[in-house]
Amino acid sequence: MKYLDEFNDPELAKRLVDEINATATKSWALMEVCGGQTHSIIRHGIDQLIPNVELIHGPGCPVCVTPLELIDKALEIASRPGVIFCSFGDMLRVPGSERDLFRIKSAGGDVRVVYSPLDALKIARDNPDRQVVFFGIGFETTAPPNAMAVYQAKRLGLTNFSMLVSHVRVPPAIEAIMQSPSCRVQAFLAAGHVCSVMGTWEYPELVERFRVPIVVTGFEPLDILEGIRRAVVQLESGIAQLENAYARAVRSEGNLPALKLIEDVFELSDRGWRGIGTIPKSGWRLAPKYRDLDAEYRFDVGDIDTAESSVCRSGEVLQGLIKPHECAAFGTECTPRNPLGATMVSSEGACAAYYLYRRLQVPEASGVG
Ligand code: SF4
């Protein structure tokens with residue numbers, strides 16, 4: 028397929044691997060921020076080809092980091108009579124404190140899988156006597172379509188549509204990771220699709236403040252190898268810069284119409300990240316003029332008690348402190364069919380990637396020396 032096959036060329040991949048291995052004279056620890064990149068790395072075995080580079084899997088899977096409290100709020104709303112609860116499919120099996128959306132659907136709740144927030148909007152227009160709620164989760168990438176759905180609902184005067192919002196942002200997460208006392212990350216591969224929306228203007232300040240290289244990177248094997256190569260060259264040279272290795276999709280200023288829409292519909296807010304905790308100004312909520320479309324207010328689900336699994340170590344996985352197969356439940360108590368944590372449910376979760384691509388054993392020597 029044009030535009031994809033050329034980023035899978037094995038000859039070019041081998042050349043990049045050789046170049047990385049020749050350049051890396053000592054051990055380096057890089058974090059790929061995005062769960063899509065994690066899957067590509069594990070699927071293609073990229074991490075096993077570059078012995079001096081450890082790839083730490085970051086918290087860039089939106090399903091994985093959606094806080095338990097919000098999952099429980101979604102479950103509470105979805106189980107109310109008269110509600111049609113719309114969600115992307117990978118949220119259905121994410122465990123809340125006691126159940127998941129799938130169980131609510133099995134028990135008769137009207138939970139529907141949609142492929143776009145605009146599908147939910149259409150359901151609302153077709154069902155004026157029902158309350159339709161869309162579960163709007165995600166990083167910056169899904170913010171424009173979610174913002175568009177809210178904007179359209181307001182414009183159309185729909186009083187039976189609302190959104191349960193859990194949007195998170197990458198730059199504050201990088202900041203929190205770098206400020207953690209246990210941080211081992213020496214460079215970041217930033218998520219290309221996030222930067223295609225937001226641009227790269229938020230990153231120079233982080234590069235400067237933490238003296239950490241950040242390379243904006245795509246998702247195909249050659250994209251990832253090129254991102255790693257550029258980061259390793261910087262580390263070996265003792266420099267820290269922002270580089271854009273995904274120039275075919277990313278401009279420094281971002282997608283200006285999308286940014287304008289996001290700015291209109293959302294406002295910055297503190298956000299809880301599952302397994303990590305609250306990161307200041309790391310998310311968005313609906314701006315005051317759209318507050319009547321906020322499902323948290325409409326359904327009054329302010330205070331909810333939550334209970335995390337005592338077994339699940341996804342918080343440590345999400346911070347790159349352990350690899351998934353270092354969790355005792357991995358592949359035994361916890362599998363994609365019976366997930367204990369969101370990192371095993373989501374198609375972008377690190378635990379699911381390790382399970383899917385058969386990384387079932389802890390290697391004898393892991394970690395950066
Ligand atoms: S393997 Fe399962 S229980 Fe262990 S950290 Fe991953 S999701 Fe949690």
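Start counting the sequence shown at 28; every next residue gets the next number (the numbering used here). No residue lacks a Cβ here, since even glycine has one placed at the ideal position from N, Cα and C. All of these numbers come straight from a predicted model, not from anything done at the bench.
Can you have a look at GLU270 and say buried or exposed, based on whether 16 or more other CB atoms are within 10 angstroms of its CB?
buried
Beta bridge counterpart(s) of ILE111 as assigned by DSSP
ASP137 and VAL159
On the three-state DSSP scale, how would you describe ASN187?
coil
Does DSSP classify ASN35 as helix, strand or coil?
Here ASN35 sits in coil by DSSP.
Look up PRO307 in the DSSP assignment and say whether it is helix, strand or coil.
It is a strand residue.
CB-CB under 7 Å to GLU366, same chain, minus the five flanking residues each way: which ones, in chain order?
Reading off the sequence shown, one finds Pro at residue 366, where the question assumed Glu. When the five nearest sequence neighbours on each side are left out, the beta carbons in the same chain lying within less than 7 Å of the beta carbon of PRO366 are those of ARG120, PRO122 and VAL372, in order along the chain.
Contact set for LYS132: own chain, Cβ-Cβ below 6 Å, skip 5 residues either direction:
Within the same chain, VAL138 come within 6 Å of LYS132 by CB-CB distance, once the 5 residues on both sides are set aside.
Buried or exposed (CB count within 10 angstroms, at least 16 for buried), ILE47
Burial call: buried.
Nearest-angstrom Cα separation, counted from ARG257 out to LEU97:
38 Å
At a cut of 8 Å, does the stretch 246-253 reach the stretch 282-295 through at least three beta carbon pairs?
Contact between the stretch 246-253 and the stretch 282-295 is absent, because fewer than three Cβ pairs lie under 8 Å.
Of all the options LEU102, GLY135, VAL192 and SER143, which has the alpha carbon lying nearest to the alpha carbon of GLU416?
Residue 416 is absent from the structure shown; the chain starts at 28 and stops at 396.
Minimum C-alpha distance to ALA147 - residue among VAL224, VAL160, THR186 and CYS61:
VAL160
Near the ligand SF4: PRO360 beta-carbon under 8 Å from a heavy atom
Looking at the sequence shown, residue 360 is not Pro but Glu. Within the cutoff, so yes.
N-terminal and C-terminal residue of the beta strand (DSSP E) that ILE73 is part of
That residue, ILE73, is in no beta strand (DSSP E); it is neither H nor E in DSSP.
Exposed or buried, what is ASP193 when buried is set at 16 or more other beta-carbons lying within 10 Å of its beta-carbon?
It should be noted that the sequence gives Ser, not Asp, for residue 193. It is buried - the Cβ of SER193 has at least 16 other Cβ atoms within 10 Å.
Report the three-state DSSP secondary structure of ILE241 (helix, strand or coil).
strand
For VAL221, which of SER374, THR52 and PRO198 has the nearest alpha-carbon?
PRO198
Of the residues GLY265, ILE266, GLU253 and GLY184, which one's Cα is nearest the Cα of ALA274?
Nearest in C-alpha terms to ALA274, of all of GLY265, ILE266, GLU253 and GLY184, is GLU253.
For VAL224, the nearest candidate out of GLN213, PRO171, GLU375 and ASP99 (CA to CA)
PRO171
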